[in-house]
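Numbering follows numbering that gives the first Met the number 0, in which position 78 of the sequence shown is assigned residue number 77; successive positions increment by one, without gaps.
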Amino acid sequence: MKPDKSFGPSVSDQPIAIIGMACRFPGAPGISAFWRLLEAGGNAVSEGVPGSGLGRWGLLFPDDAVQSEGCRFGAFVDDIDQFDDAFFRISPVEAELLDPQQRMMLETSWEALEDAGIDPEGLRESLTGVYTGISNDEYRMLVVDSSKPAEAA
Numbered sequence: 000m001k002p003d004k005s006f007g008p009s010v011s012d013q014p015i016a017i018i019g020m021a022c023r024f025p026g027a028p029g030i031s032a033f034w035r036l037l038e039a040g041g042n043a044v045s046e047g048v049p050g051s052g053l054g055r056w057g058l059l060f061p062d063d064a065v066q067s068e069g070c071r072f073g074a075f076v077d078d079i080d081q082f083d084d085a086f087f088r089i090s091p092v093e094a095e096l097l098d099p100q101q102r103m104m105l106e107t108s109w110e111a112l113e114d115a116g117i118d119p120e121g122l123r124e125s126l127t128g129v130y131t132g133i134s135n136d137e138y139r140m141l142v143v144d145s146s147k148p149a150e151a152a
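Structure below.
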């Protein structure tokens, strides 16, 4: 069976417009900081693992040599624990169990609407959708393995 190339990528000469943007990246908590990092040719990779990361790596790689050499560098987003659950009408327990990627998705979706000059509150009961995706499931596994299995279930 030969691949059907009619469904491949296509190039269009039609213009596009980016109306609102938001982001969170290592070394860049927002669009302005991200542009500055890019313009400066910056590098957000740092040595060491913040928070509990080293403990987790220790479980995965018990050999001290691997921990000190193999997992020395990383790029980490700051303030992932600063989610305002009340703002999004999420209970504190649910927010604690919510994947940080999902928390950032909620925050940056709101920020992108604001960046576009759209009042997110004005969209209530309108026919508006935000479509997004998240691919990693590691956080759920960490929560399931946590000391709060009843809440995680």
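Every residue, glycine too, gets a C-beta built ideally from N, C-alpha and C. Predicted model, so just to flag it, every value in this text is computed and none were measured.
**Request:** Verify whether the separation of the beta carbon atoms of Ala27 and Ala111 is less than 7 Å.
**Result:** no
**Request:** Helix, strand or coil for Ala94, going by three-state DSSP, please let me know.
**Result:** helix
**Message:** If I follow the unbroken alpha helix (DSSP H) through Tyr138, where does it start and stop?
**Reply:** 137-143
**Request:** Could you tell me whether the stretch 73-84 touches the stretch 28-45, using the rule of 3 or more Cβ pairs below 8 Å?
**Result:** yes
**Request:** State the start and end residues of the unbroken alpha helix (DSSP H) segment that holds Glu38.
**Result:** 30-38
**Message:** Which of the three DSSP states is assigned to Ala21 in this structure?
**Reply:** coil
**Item:** Exposure of Arg23, with buried meaning 16 or more beta-carbon neighbours within 10 Å
**Value:** buried
**Asked** What residues match up with Gly27 in a beta bridge as DSSP calls it?
**Response** Looking at the sequence itself, residue 27 is Ala, so the reference to Gly does not match. Answer is Phe24, bridged to Ala27.
**Message:** Within 10 Å of its beta-carbon, does Arg35 have 16 or more other beta-carbons around it, so buried, or fewer, so exposed?
**Reply:** exposed
**Message:** Please report the straight-line C-alpha distance between Gly19 and Gly132, rounded to a whole angstrom.
**Reply:** 18 Å
**Item:** For Gly121, the three-state DSSP class (helix, strand or coil)
**Value:** helix
**Prompt:** Hey, Glu46 and Arg71: beta-carbon distance below 7 Å or not?
**Reply:** yes
**Prompt:** Grouping DSSP H, G and I as helix and E and B as strand, with all else coil, what is Ser45?
**Reply:** Shown here, Ser45 sits in a strand according to DSSP, grouped into three states.
**Prompt:** Since Asp80 is in the alpha helix (DSSP H), which residue starts that stretch and which ends it?
**Reply:** From DSSP, Asp80 is part of no alpha helix (DSSP H); its letter is neither H nor E.
**Prompt:** Would the beta-carbon of Ala94 fall within 7 Å of that of Phe82?
**Reply:** yes
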